[in-house]
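Following: one structure in structure tokens, then a few remarks.
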Amino acid sequence: MSVAQEAGPPTDVTRPTMTRHRPTAWATAALIAALLVLCLLSLLIGSGKTSMGRALDFVLGDSSARADAALHLAVVDVRLPRTIAAVLVGVALGAAGCLLQAVTRNPLAETGLLGVNSGAALGVVIGLTYFDVSSAYGILVWALVGGMAASAVVLLLAASGRAAASPLRLVLAGSALGATFHGMTSYVLLGTQSTFDVYRYWTIGSLAGVETRTALSIAPLIVIGLAIAFGSSRPLSALALGDDSARALGHHPGRIRLVVAAAVTLLAGAAVALAGPIAFLGLLAPYAARLVTGPRLTAQLLLSALIAANIMVAADILARIVIRPWETPVSVLLALLGGPLLIWIARTNRLLGLGTPGAGA
Numbered sequence: 001m002s003v004a005q006e007a008g009p010p011t012d013v014t015r016p017t018m019t020r021h022r023p024t025a026w027a028t029a030a031l032i033a034a035l036l037v038l039c040l041l042s043l044l045i046g047s048g049k050t051s052m053g054r055a056l057d058f059v060l061g062d063s064s065a066r067a068d069a070a071l072h073l074a075v076v077d078v079r080l081p082r083t084i085a086a087v088l089v090g091v092a093l094g095a096a097g098c099l100l101q102a103v104t105r106n107p108l109a110e111t112g113l114l115g116v117n118s119g120a121a122l123g124v125v126i127g128l129t130y131f132d133v134s135s136a137y138g139i140l141v142w143a144l145v146g147g148m149a150a151s152a153v154v155l156l157l158a159a160s161g162r163a164a165a166s167p168l169r170l171v172l173a174g175s176a177l178g179a180t181f182h183g184m185t186s187y188v189l190l191g192t193q194s195t196f197d198v199y200r201y202w203t204i205g206s207l208a209g210v211e212t213r214t215a216l217s218i219a220p221l222i223v224i225g226l227a228i229a230f231g232s233s234r235p236l237s238a239l240a241l242g243d244d245s246a247r248a249l250g251h252h253p254g255r256i257r258l259v260v261a262a263a264v265t266l267l268a269g270a271a272v273a274l275a276g277p278i279a280f281l282g283l284l285a286p287y288a289a290r291l292v293t294g295p296r297l298t299a300q301l302l303l304s305a306l307i308a309a310n311i312m313v314a315a316d317i318l319a320r321i322v323i324r325p326w327e328t329p330v331s332v333l334l335a336l337l338g339g340p341l342l343i344w345i346a347r348t349n350r351l352l353g354l355g356t357p358g359a360g361a
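Residue numbers (UniProt numbering): 1 to 361.
Structure representation (structure tokens):
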């Protein structure tokens, strides 16, 4: 009798293990395909008068279309950078939201919890007021510096004391410092009308005017943040079992939380610097991912990033056509869609807990 015959058919115990990854695999493939389609549509659709047919000819390499300077400007200089930025921002916010909800064990946690948004806003205002920053790239740099500095202060406060880096300390430190930074921002804005005008445009959250150089300069930070995120998924899964269980498995709970918070800082800081504050995306994408994956954190991270990227690109396309020829800020669309959806989730008791990750997390 062969080994295969002796082994027999899969038992009821092994069959779920063999099949549990299938929904995630199918969902991943579907989301990647949808993202590619949305990216193509993003190159073809704009708020101007350029037709989709001519834009498609340009993308497919038609010589007459490639010779059209106006078409080149619309597709390459305007829509391509926005598409790249939308994907990067969506991936970053989706992964950051998933990590933050896992590390705080709170399915309502979002990326502003570590003070990144308020710190980025303060950085922008300081750069505009005291350093005469005028370029979009300069604003991005100051937003990034402010967001990361604010998050670093939150992490230092949360890591001090006996209950170092506990979820409660992270939340309290982030909330307290976020309010402080918001007050400082308001104080600086009181006497500078010109700064307020620029700040108001940045804070509405939009991808209009993003340049390819700007988007690509942020990409390395997001890649590093994603690498830390996926590398921390197993220790973070152990942490979901409880601090004592994590220690028994050889992990240091405080260190895990600090590493994960650093990854969230890189991801959320880069996203906020590039697009301004974007609400709801980092909250709803992890929820949708958990509907498919269950408590497996690595799968949650992957699907959350892909879901958020799809939503961000789709929202940016809608932002160009809702009130054409003008544009709607993408953050406004996401708030209009995300707010009612979150209320519906809460009213129907569909808000899933984070659960305990399985072994395959």
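Glycine included, C-beta positions come from ideal geometry on N, C-alpha and C. Please read these numbers as outputs of a predicted model, since none were measured by experiment.
Residue i: first and last residue of the uninterrupted alpha helix (DSSP H) it sits in
i, result
"W326", "Here W326 belongs to no alpha helix (DSSP H), and DSSP marks it neither H nor E."
"N310", "L297 to I321"
"R82", "L80 to T104"
"V198", "Q193 to T203"
"A27", "R22 to L44"
"L108", "Element bounds for L108: n/a, residue is neither H nor E."
"L226", "T212 to G231"
Same chain, Cβ closer than 6 Å to residue i, neighbours up to 5 away in sequence not counted
i, result
"M148", "T265 and G269"
"A96", "T111, V264, L267, A268 and G282"
"Q101", "P107, A109 and P286"
"T212", "P81"
"L284", "G338"
"R247", "none"
"G178", "G115 and S118"
"G225", "A263, L266 and L267"
Collapsed DSSP secondary structure at residue i in the structure displayed
i, result
"L341", "helix"
"A67", "coil"
"G8", "At G8, the pLDDT of 44 sits below 50, so the modelled position is not reliable; the number obtained from the coordinates is stated separately. Coil at G8, not helix or strand."
"F181", "helix"
"P277", "coil"
"H72", "helix"
"L207", "coil"
"V133", "coil"
"residue 433", "Absent from the structure is residue 433, since the part of the chain shown begins at 1 and ends at 361."
"T50", "coil"
"S166", "coil"
"D62", "coil"
"G138", "helix"
"P16", "Residue placement at P16 is poorly supported in this model, since its pLDDT is 48, which falls under 50; the coordinates still yield a value, given next. Three-state DSSP puts P16 in a helix."
"S160", "coil"
"L267", "helix"
"G115", "coil"
"G294", "coil"
"G282", "helix"
"G250", "coil"
"residue 372", "No statement about residue 372 is possible, as the shown extent of the chain runs from 1 to 361 and does not include it."
"A150", "helix"
Neighbourhood of residue i by C-beta distance below 7 Å, restricted to the same chain and skipping five residues each side
i, result
"I45", "M52, I317, R320 and I321"
"T50", "L71 and A74"
"V129", "A small fix is needed here, since residue 129 is Thr in this sequence, not Val. Excluding sequence neighbours, T129 sits near V188, T192 and T195."
"C98", "P286, A289, Q300, L301 and S304"
"L56", "L44"
"L249", "A238"
"V133", "G127, I139 and W142"
"A65", "R54, D57, F58 and L71"
"I218", "L88, A270, A273 and L274"
8 Å Cβ shell around residue i - same chain, five flanking residues per side excluded
i, result
"A209", "According to the sequence shown, residue 209 is Gly rather than Ala. Contacts found: A136."
"S42", "R79, R82, T83, A86, V313, D316 and I317"
"L333", "A315, L318, A319 and V322"
"L216", "I84"
"T104", "L113, P167, L170 and V171"
Buried/exposed call for residue i, threshold 16 Cβ in 10 Å
i, result
"T344", "Correcting the residue identity first, residue 344 is Trp in this sequence and not Thr. Exposed, since its Cβ has fewer than 16 Cβ neighbours within 10 Å."
"Y187", "exposed"
"G29", "Reading off the sequence, residue 29 comes out as Ala, not Gly. Result: exposed."
"W202", "buried"
"G231", "exposed"
"A346", "exposed"
"A229", "buried"
"P325", "exposed"
"G61", "exposed"
"L239", "buried"
"F131", "exposed"
"R257", "buried"
"A271", "buried"
"P340", "exposed"
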